[in-house]
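Here's the structure, in structure tokens; my notes come after.
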Amino acid sequence: MDEGLITGGQAFLERRLRATGNLDLAVRLQTLFRPYRRRRRPADLDQVEVRANGLRLSSYVLGRGDPVLLLHGLGGTKITWLPVLGPLSERHRLIIPDLPGHGASDKPRAEYTPRFYARVL
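Residue numbering for the sequence shown follows numbering that gives the first Met the number 0, starting at 0 and increasing by one per position.
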């Protein structure tokens, strides 16, 4: 990291930055700056919308080979996987959804339990 510069994540942890509203947009904003700016977005990265149990899930799909489902953590989005997609997609078909209640996917009124996510996925 260049001297005097900090990441958005660092600024957030130091309480110098506050994220409200759609956190997917906040994470996407950080990818416009260094060090993310130097990384190329994989050329075959497709953004698709799929329906699962009546919910719309925004997802990335790319690569060839055996399928691998990549799931982000709580408070995350599919964008958190961008830095590692290139190497993984060389040997695998990657499916990377925004989980319900996150990112660009539907946000139903529901109990967000492990059982709920298992039913949807």
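Every residue, glycine too, gets a C-beta built ideally from N, C-alpha and C.
Since this is a predicted model, take the numbers as computed values, not measurements.
Query                                                                                                            : Result
Nonlocal neighbours in the same chain, by C-beta distance under 8 Å from R50, ignoring five residues either side : L56
Cutoff 6 Å; reference L68; Cβ partners in own chain excluding five residues on either side                       : I94
Residue burial classification, V47 (beta-carbon count within 10 angstroms, cutoff 16)                            : exposed
Same chain, Cβ closer than 7 Å to R63, five either side skipped, listed in chain order                           : R92
Alpha carbon of R118 to alpha carbon of P107, nearest angstrom                                                   : 14 Å
Same chain only: Cβ atoms within 6 Å of H101, ignoring 5 sequence neighbours per side                            : T76
Cα-Cα separation, T79 to D97                                                                                     : 10 Å
Buried versus exposed, by CB contacts within 10 Å (16 or more), L81                                              : buried
Proximity of Y59 and L70 at Cβ, strictly below 8 Å                                                               : no
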